[in-house]
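Engineer:
6 protein chains.
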Amino acid sequence: MDKERYERGWEKLRQIHGEEGERFIENVKSVAPDLARFIVEFGFGDVYSRPGLDIKTREIVTVAALTALGNAQPQLKVHIQAALNVGCSHEEMVEVMTQLAVYAGFPAALNGIGLVKQVFEDVDKKRT
Amino acid sequence: MDKERYERGWEKLRQIHGEEGERFIENVKSVAPDLARFIVEFGFGDVYSRPGLDIKTREIVTVAALTALGNAQPQLKVHIQAALNVGCSHEEMVEVMTQLAVYAGFPAALNGIGLVKQVFEDVDKKRT
Amino acid sequence: MDKERYERGWEKLRQIHGEEGERFIENVKSVAPDLARFIVEFGFGDVYSRPGLDIKTREIVTVAALTALGNAQPQLKVHIQAALNVGCSHEEMVEVMTQLAVYAGFPAALNGIGLVKQVFEDVDKKRT
Amino acid sequence: MDKERYERGWEKLRQIHGEEGERFIENVKSVAPDLARFIVEFGFGDVYSRPGLDIKTREIVTVAALTALGNAQPQLKVHIQAALNVGCSHEEMVEVMTQLAVYAGFPAALNGIGLVKQVFEDVDKKRT
Amino acid sequence: MDKERYERGWEKLRQIHGEEGERFIENVKSVAPDLARFIVEFGFGDVYSRPGLDIKTREIVTVAALTALGNAQPQLKVHIQAALNVGCSHEEMVEVMTQLAVYAGFPAALNGIGLVKQVFEDVDKKRT
Amino acid sequence: MDKERYERGWEKLRQIHGEEGERFIENVKSVAPDLARFIVEFGFGDVYSRPGLDIKTREIVTVAALTALGNAQPQLKVHIQAALNVGCSHEEMVEVMTQLAVYAGFPAALNGIGLVKQVFEDVDKKRT
Numbered sequence: 007m008d009k010e011r012y013e014r015g016w017e018k019l020r021q022i023h024g025e026e027g028e029r030f031i032e033n034v035k036s037v038a039p040d041l042a043r044f045i046v047e048f049g050f051g052d053v054y055s056r057p058g059l060d061i062k063t064r065e066i067v068t069v070a071a072l073t074a075l076g077n078a079q080p081q082l083k084v085h086i087q088a089a090l091n092v093g094c095s096h097e098e099m100v101e102v103m104t105q106l107a108v109y110a111g112f113p114a115a116l117n118g119i120g121l122v123k124q125v126f127e128d129v130d131k132k133r134t
Numbered sequence: 007m008d009k010e011r012y013e014r015g016w017e018k019l020r021q022i023h024g025e026e027g028e029r030f031i032e033n034v035k036s037v038a039p040d041l042a043r044f045i046v047e048f049g050f051g052d053v054y055s056r057p058g059l060d061i062k063t064r065e066i067v068t069v070a071a072l073t074a075l076g077n078a079q080p081q082l083k084v085h086i087q088a089a090l091n092v093g094c095s096h097e098e099m100v101e102v103m104t105q106l107a108v109y110a111g112f113p114a115a116l117n118g119i120g121l122v123k124q125v126f127e128d129v130d131k132k133r134t
Numbered sequence: 007m008d009k010e011r012y013e014r015g016w017e018k019l020r021q022i023h024g025e026e027g028e029r030f031i032e033n034v035k036s037v038a039p040d041l042a043r044f045i046v047e048f049g050f051g052d053v054y055s056r057p058g059l060d061i062k063t064r065e066i067v068t069v070a071a072l073t074a075l076g077n078a079q080p081q082l083k084v085h086i087q088a089a090l091n092v093g094c095s096h097e098e099m100v101e102v103m104t105q106l107a108v109y110a111g112f113p114a115a116l117n118g119i120g121l122v123k124q125v126f127e128d129v130d131k132k133r134t
Numbered sequence: 007m008d009k010e011r012y013e014r015g016w017e018k019l020r021q022i023h024g025e026e027g028e029r030f031i032e033n034v035k036s037v038a039p040d041l042a043r044f045i046v047e048f049g050f051g052d053v054y055s056r057p058g059l060d061i062k063t064r065e066i067v068t069v070a071a072l073t074a075l076g077n078a079q080p081q082l083k084v085h086i087q088a089a090l091n092v093g094c095s096h097e098e099m100v101e102v103m104t105q106l107a108v109y110a111g112f113p114a115a116l117n118g119i120g121l122v123k124q125v126f127e128d129v130d131k132k133r134t
Numbered sequence: 007m008d009k010e011r012y013e014r015g016w017e018k019l020r021q022i023h024g025e026e027g028e029r030f031i032e033n034v035k036s037v038a039p040d041l042a043r044f045i046v047e048f049g050f051g052d053v054y055s056r057p058g059l060d061i062k063t064r065e066i067v068t069v070a071a072l073t074a075l076g077n078a079q080p081q082l083k084v085h086i087q088a089a090l091n092v093g094c095s096h097e098e099m100v101e102v103m104t105q106l107a108v109y110a111g112f113p114a115a116l117n118g119i120g121l122v123k124q125v126f127e128d129v130d131k132k133r134t
Numbered sequence: 007m008d009k010e011r012y013e014r015g016w017e018k019l020r021q022i023h024g025e026e027g028e029r030f031i032e033n034v035k036s037v038a039p040d041l042a043r044f045i046v047e048f049g050f051g052d053v054y055s056r057p058g059l060d061i062k063t064r065e066i067v068t069v070a071a072l073t074a075l076g077n078a079q080p081q082l083k084v085h086i087q088a089a090l091n092v093g094c095s096h097e098e099m100v101e102v103m104t105q106l107a108v109y110a111g112f113p114a115a116l117n118g119i120g121l122v123k124q125v126f127e128d129v130d131k132k133r134t
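Shown next, in the form of structure tokens:
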């Protein structure tokens, strides 16, 4: 195991997804420990840690891709939350979905909007 | 016909896609004139002209979505060129594709990289 | 805001989706008011109001597309209901799904059939 | 081999796709004879021969599904031609694509329009 | 109705999916009896009964395809169970998902892993 | 750079894709050197080198996934060739495609068959 990549990945994962991200990795580990390790090492240690795109733009890329794919709603919700964690605004998330209506169709955009709504309601609940 | 939306859209289309964009619309018009009009009015006049996301980020959203969908290679090439037109760098396009390897798989990312290469070769040819 | 397009769209939306459609638009409005407006103006005012295909065939096109895409189950259910609202029969919906088994595979068709079943059970419940 | 299903399918295939359809089946037969047989028996003998949807509507369903899937451009072209063979008009094909802009996004619709254009140019060439 | 194909298909269906498969077919029959028949005759009688790939490999092909498509989670769960029924191991299912992270992206693979986990928990529950 | 993972990956890549694979990596390197490195390190060094599924089954998984996705025809062709390189037969490739007709639809399966045909014609040409 490559300790440096793993640790860099784990730091990045915590920055983006917080404690929920840690719990998710633990959950994957219980079935597929190496796949969990690849997410940390490759996804976060190799890719998300790269320069060349700031972290906010990286999350926007991920949210756009998952909305277009349309087959990964749980991950899309997690990444809308992550986008907020790294500084995206409510308005920016709505704009990404509006833009996607043109390129991936209104149903994909509307499923995305539904998740944006859920994430903001969760945020509001935690505040109160 | 809504003149203001159309003109705002046409300006935006020219800013993003240049003369190639105009020719494309003329081409669509010859088969489906109303669909061509909807692209200008809705796609560019309503959506691309919105505040809330700068034009560079909008192009990054579009490139990410088309790479993830994977079924619109001609449009993806046109939007990689458009991303450069509005100020994205070669490096940023490569980073979008690298990020997408994680979320949409390596084949989608590699097809995107192939188009990034083509666009940069076209740019180099025009320069010389 | 283009009043004529919006009103034409709203009428069409009511014809196709009834009160459930109105509630849906209100729901989208609470997060993304302009996207809600685009659905009414563009989706229903511009596109669904066009001549060239009768409303029944338009709903069949939508149901076929959503079944093939497979990533918009809530919208598919709503449009199977809408197809019935504008005059499609139970048998026609089953035939669309059967045809799609050939082109999009049995899983997509069977998910469609599951929704057809739900819609018909809902219809039966309302009757009694 | 089930002679009746095969013959019914072969007749239906000829009605829809003409000689081009026969050549296609011969071509598939040279690599995968049973898959070729399944297309004739199941696709055309079992499904396309069913009552419940007229042949024009069946082709519209297929064209809508293939445009939405977006990953089967050669088949989409063949089915736009088939739609004309069984009585669909140029306008109806354009309307299907316009409707799909809403549900599958503009790129899918525009790739469809490009094929509609090709099919009509081919038809015009044959006439002269 | 082709009795031989139907019976061969029914036997194969029972071998792969057990009683749950029978109940599923009964359920489809209540809405779309011919589609239910095509699943048995074509899917199981014609295709799954073929030589050329052993039944374990056929299930691996199906699991890989459904994971990549990503829009048929109920079927994917059923086929992970079926893969175990015909002799695949827990480890093999995890490896299929790990391999798919490379080709279809981590979200598709992780949704697959989530279902693998569910299936194994169901198996454990039945044992105790 | 992790030398061991890279070298293990490079060996695996050569075993599966031969010289064509090396040329492909060089080509990606010229635009996106780190993405090329990730393919070797992660795709081949981490994943393809794993125990738990033999190399033939891994290629069958990849071919099934790419056929189902349908948006990566160049990669699908390369992996059909790779499947033959690691010991799959012509018949097995045809069976994978036949199985996929059921799960991903006939168009996806037929596009796969077209590539199987091309690969076998290429093999025959090289022999003579």
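Residue numbers (the numbering used here), protein chains in the order written: chain V, 7 to 134; chain G, 7 to 134; chain H, 7 to 134; chain Y, 7 to 134; chain P, 7 to 134; chain B, 7 to 134.
Don't be surprised by glycine CBs; every beta carbon is placed ideally from N, CA and C.
This one's a predicted model, so the numbers in the text were calculated from it and none came from an experiment.
(1) Kindly indicate if chain P contains any beta-carbon less than 7 Å away from that of V/Val46.
(2) Compare the C-beta of V/Ile119 against all C-beta atoms of chain H and say whether one is closer than 7 Å.
(3) What would DSSP say about V/Phe56, mapped onto helix, strand or coil?
(4) To the nearest angstrom, how far is the alpha carbon of B/Val34 from that of G/Val122?
(5) Would you please verify whether the beta carbon of H/Val37 is less than 7 Å from any beta carbon of chain Y?
(6) Could you tell me the alpha carbon to alpha carbon distance between Y/Tyr109 and H/Phe44, rounded to whole angstroms?
(7) Kindly list, in the order they appear in chain G, the residues whose Cβ is closer than 8 Å to that of B/Val34.
(8) Measuring only between beta-carbons, confirm whether B/Leu41 sits less than 7 Å from chain G.
(9) Mind listing which residues of the region 58 to 90 of chain G have their C-beta closer than 9 Å to chain H's C-betas, in chain order?
(10) Quick one: which chain V residues come within Cβ less than 7 Å of Y/Gly111?
(11) I want to know whether the region 43 to 57 of chain V touches the region 40 to 58 of chain G - three or more CB-CB distances under 8 Å.
(12) Give me the Cβ distance between Y/Ile119 and G/Ala71, rounded to the nearest whole Å; I'm assuming they're in contact under 8 Å.
(13) Just curious, the alpha helix (DSSP H) that Y/Gly111 is in, first and last residue?
(14) At which residue ranges does the region 24 to 80 of chain B contain complete alpha helix (DSSP H) runs of 4 or more residues, listed in the order of the chain?
(15) Give the interface partners of P/Val122 over in chain V, defined as CB-CB distance under 9 Å, in chain order.
(16) Would you say the region 62 to 70 of chain V touches the region 96 to 105 of chain G, given that touching needs at least three Cβ pairs under 8 Å?
(17) Can you tell which of G/Gln105, G/Ser95, G/Gln124, G/Arg11 has the C-alpha that lies nearest to the C-alpha of G/Glu47?
(18) Report yes or no: is there a C-beta of chain G within less than 7 Å of the C-beta of V/Val125?
(19) When you compare only the Cα positions, how much space is there between G/Phe30 and G/Phe50?
(20) Please classify B/Asp52 as buried or exposed, where buried requires at least 16 other C-beta atoms within 10 Å of its C-beta.
(21) Got a sec? Which residues, its chain only, sit under 6 Å from P/Ala78 by beta carbon, not counting five neighbours each side?
(22) Within 10 angstroms of its Cβ, does B/Val129 collect 16 or more other Cβ (buried), or is it exposed?
(23) Assuming contact is defined by CB atoms lying nearer than 7 Å, are Y/His96 and Y/Thr68 in contact in what I supplied?
(24) Does the distance from the C-beta atom of G/Val125 to that of G/Gln81 stay below 7 Å?
(25) I'd like the list of long-range same chain contacts for G/Glu26, defined as Cβ closer than 8 Å, with 5 residues on each side in sequence excluded.
(26) For H/Gly76, tell me which candidate among H/Leu106, H/Arg20, H/Glu127, H/Leu90 has the shortest Cα-Cα distance.
(27) What residues of chain V sit near H/Gly49, judged by a beta carbon separation below 8 Å?
(28) Would you kindly work out how many angstroms separate the C-alpha atoms of G/Gly24 and G/Gly111, rounded to a whole number?
(29) Given that a residue counts as buried once 16 or more other Cβ atoms are within 10 Å of its Cβ, and exposed if not, what is G/Gly15?
(30) Find the residues of chain P that neighbour B/Glu101, judging by a C-beta separation of less than 7 Å, and give them in chain order.
(31) By the 10 Å Cβ neighbour count, where 16 or more other Cβ atoms means buried, how is Y/Lys18 classified, buried or exposed?
(32) When the Cα atoms are used, what is the spatial distance from B/Pro113 to H/Lys132?
(33) Give every residue of the same chain whose Cβ lies closer than 7 Å to the Cβ of P/Val92, excluding the five residues on either side of it in the sequence, and list them in chain order.
(34) Closest Cβ-Cβ distance between Y/Asp128 and chain P: below 7 Å?
(35) V/Cys94 to H/Asp40, Cα distance in whole Å?
(36) On a CA-only basis, which of P/Ala115, P/Ser36, P/Glu32 is nearest H/Glu127? Give me that one, please.
Structural biologist: Looking at the coordinates:
(1) no
(2) yes
(3) Looking at the sequence shown, residue 56 of chain V is not Phe but Arg. It is coil, neither helix nor strand.
(4) 11 Å
(5) no
(6) 13 Å
(7) Leu116, Ile119
(8) yes
(9) none
(10) Val108, Tyr109, Ala110, Gly111
(11) no
(12) That belief does not hold up - the Cβ atoms of Y/Ile119 and G/Ala71 are roughly 19 Å apart, past 8 Å.
(13) Per DSSP, Y/Gly111 belongs to no alpha helix (DSSP H) and is neither H nor E.
(14) 39 to 44, 61 to 75
(15) Val37, Ala38
(16) yes
(17) G/Arg11
(18) no
(19) 14 Å
(20) buried
(21) Leu72
(22) exposed
(23) no
(24) no
(25) Val84, Gln87
(26) H/Leu106
(27) Phe112
(28) 32 Å
(29) buried
(30) Arg56, Gly58, Leu59
(31) buried
(32) 40 Å
(33) Ile22, Ile61, Lys62, Glu65
(34) no
(35) 19 Å
(36) P/Ser36
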